[in-house]
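Chains as they are written, first to last, in this note's numbering: chain E, 2 to 414; chain U, 2 to 414.
A virtual CB, placed ideally from N, CA and C, is assigned to each residue, including glycine.
Accompanying notes for the structure given below.
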């Protein structure tokens, strides 16, 4: 028995004026999503807790069955895993922005004029020669990911993720120095190693031909690195081991690949899966159908619903939902034909009139053999609330699914 | 953005024979309450936990977002704050009854023949001269509250709330001595100080002119004090600080004022707000409307629904609900006009055929911008259970409301 878990990022929404008081899910003609609801059991889900706005990273940890309050290891590690770095226990990883400072050292652009991936990749290459000398036994690994984004990993003994963000999500201020966030030797070593790396990076970036060229063209130079979100590998039992299953993840965005890798999913790479509205969703769906041959649990992540919500575009969200519904059709057909399970939900609510994560619950529908089919006829936030799942927590979802797969051991006799 | 939280004490009920199988909320014609339900999202709420009868104090702690299992500091502190005593950390406060013992020292009336406030106030004045001499560094503060009720505060170093109730809610027994409930020096000191106070009070009350006069008139003398519910200030972060809001409370009953003060609400005093069925509800509603100008969160408590439930008077409860609904109308109009939020619920169920608190959930409705309006048409225990909030916990309510106000920080990224 197998299960496909489809998570549409930021799917949950609120009744919206632009849509005459409907939520985007209510407004969308999404036959395939509704078909899962009609054939399944429906409910609403507090991904973290009622009223708690989840980040995408903590949300996915919860959906995969891990308590983020206990095991959230910072975002950096997920980013590192997502760009393909084989993170090791003890490594401390940071998300980094290429950014622009002016001659007084003030941050003027956190994204270096949205530098292209091509140019950023050349700069990243130049940063790879940096060696940490002031802190013994520490090595720096720098990886470009996309556009102005990169990942820095500090590897070596006695490191800690308890160091402050250099990127404060603000412009108009001087670049702060990384500071240890506790009294440990480890935090101090990490802050010192990070500071040395940033200082050496600044020198390399200052006179780099790419930046000279950008300045000549009137573009902002990528003359500083801003790390944030120090993270380590989470100390957890892999999902495949907990439930004795083969688990595969299909995602475009690096973060989602990273969380999935961190908890023990195999990653299925799909060309053109970008984590944007232009993603190769058809390719991802085909990969999921293919994965049904070999895997017990297939996690399919679709980012576009969140992106258009952050853009405050409810009408576009309706379109994206309809597109997702169409593209999912062959997968849902296949799952229904084979008598497998499919669950569809979101990782959090991003109201498209707010443009940011909120703590409202998300709708969920689970179809498959033996589920308690209710009379919910549409997959949306309000219809699903009347369903037979009632209101559940994100952390309980994986066990609910594994229960259908007969994978949850009896407690007691 | 602002929110009004209306709590009708003991509002929840059960289907009742006197009302042809309807609950008082179902039987009442309460248009304004129904209007909140029609325009809002509805649900039922386990204030503490399913099946757990809450006290009014623990219920309100939970509704304000505090886990009463972790931070319930005993009722006495709330009573003390409610009557206006500026309780200090380390103080131990007791609710006290003026009561009557006969010549054998047996308790014959726990309320001293329901002595008037006027007479009790004179007695209380006489008790203020008591000095604790047997326990070093401890001072006694006695405050009359209403009718037979008062509050005693022991102030000084090394005190503890771990002392037994003297008032066992029983008549026909001898007055028990206060006992330490653990082996600490603090509990022993507190029990000793309390015993000394009670002994001195007994001597003062015995020959007090007020009591002589009562005996002459054939009334029961208030010749003994019965303390109970030892309590201290809860060790919590104030609600205003947690959510960075201005929070105001409007209540008649001392306990509710006390809980609200203890968790950091500003108290708005309303003349004639008595915490009874004769309260100045119109004045309270006007105060709430005024408070909307300056406060983000306004807590409005109405006690009358509980009082008539304890009196086992379902018909009267219907009347009280209809009265509340009428009186709330201008407030609800104002909230709807301004596009603010309003939530209405109870702090526990007091079935009017039982006459005591029970653990059944209470109905809840939340109206305001972006709530997931469902098709619930009436505000009652059974209609609301089909709403889009499903079933929530009391402790989750504050975060749900603060989420609508955009006050809950993201967890993760």
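query, result
"Buried or exposed by the 16-neighbour rule on C-beta atoms within 10 Å, applied to residue 2 of chain E", "exposed"
"Same chain, Cβ closer than 6 angstroms to residue 166 of chain U, neighbours up to 5 away in sequence not counted", "229"
"Coarse secondary structure for residue 342 of chain E, derived from DSSP in three states", "strand"
"Beta-carbon proximity list for residue 386 of chain E, same chain, < 6 angstroms, skipping 5 on both sides", "45"
"Cutoff 8 angstroms: residue 298 of chain U Cβ touching any chain E Cβ", "no"
"Within chain E, partners of residue 393 of chain U - CB distance below 8 angstroms", "51 and 392"
"Stretch-stretch touch, CB-based, cutoff 8 angstroms, three pairs: the segment 147 to 164 of chain U with the segment 119 to 128 of chain U", "yes"
"Within-8 angstroms CB hit, residue 403 of chain U to chain E", "yes"
"Cross-chain neighbours of residue 59 of chain E in chain U, by beta carbon under 7 angstroms", "412 and 413"
"Proximity below 8 angstroms, CB of residue 79 of chain E to CB of residue 253 of chain E", "no"
"Distance between beta carbons of residue 251 of chain E and residue 269 of chain E, contact taken as under 8 angstroms", "5 angstroms"
"Inter-residue Cα distance where the pair is residue 399 of chain U and residue 67 of chain U", "9 angstroms"
"Start-to-end residues for the alpha helix (DSSP H) that takes in residue 37 of chain U", "32 to 40"
"Distance, residue 295 of chain U Cα to residue 34 of chain E Cα", "45 angstroms"
"Beta-carbon proximity list for residue 321 of chain U, same chain, < 7 angstroms, skipping 5 on both sides", "278, 305, 306 and 309"
"Closer than 8 angstroms to chain U by CB, residue 386 of chain E", "yes"
"Boundaries of the alpha helix (DSSP H) in which residue 101 of chain U is found, first to last residue", "Note, residue 101 of chain U: premise wrong, no alpha helix (DSSP H); beta strand (DSSP E) at 93 to 102."
"Span separating the alpha-carbon of residue 344 of chain E from that of residue 177 of chain E", "44 angstroms"
"Secondary structure of residue 263 of chain E, DSSP reduced to three states", "helix"
"Cβ of residue 164 of chain U within 8 angstroms of any chain E Cβ", "no"
"Collapsed DSSP secondary structure at residue 167 of chain E in the structure displayed", "coil"
"Distance between residue 39 of chain U and residue 407 of chain U (C-alpha atoms, nearest Å)", "24 angstroms"
"Interface residues of the segment 322 to 343 of chain U facing chain C [CB-CB below 9 angstroms]", "Judged by its chain identifiers, the structure shown contains no chain C, and its protein chains are E and U."
"Whole-number beta carbon distance between residue 13 of chain U and residue 361 of chain U, since they are thought to touch under 8 angstroms", "6 angstroms"
"Under the three-state DSSP convention, the category residue 2 of chain E falls into", "coil"
"CB contact below 8 angstroms: residue 389 of chain U versus chain E", "yes"
"4 or more residues per run - each alpha helix (DSSP H) lying fully within the segment 3 to 28 of chain E", "25 to 28"
"Residue ranges of each alpha helix (DSSP H) within the segment 46 to 73 of chain E, 4 or longer", "57 to 64 and 69 to 72"
"For residue 152 of chain U, the three-state DSSP class (helix, strand or coil)", "strand"
"Residue-level contact to chain U via CB, residue 45 of chain E, 8 angstroms cutoff", "yes"
"Euclidean distance between Cα positions of residue 261 of chain E and residue 60 of chain E", "12 angstroms"
"Coil, strand or helix - residue 268 of chain E by DSSP", "strand"
"Reference residue 180 of chain U; option with closest CA among U:172, U:161 and U:171", "U:161"
"Whether residue 380 of chain E touches residue 364 of chain E by CB criterion (8 angstroms)", "yes"
"Of the listed residues U:334, U:258, U:154 and U:317, nearest to residue 271 of chain U (C-alpha basis)", "U:258"
"Simplified DSSP assignment, three categories, for residue 143 of chain U", "strand"
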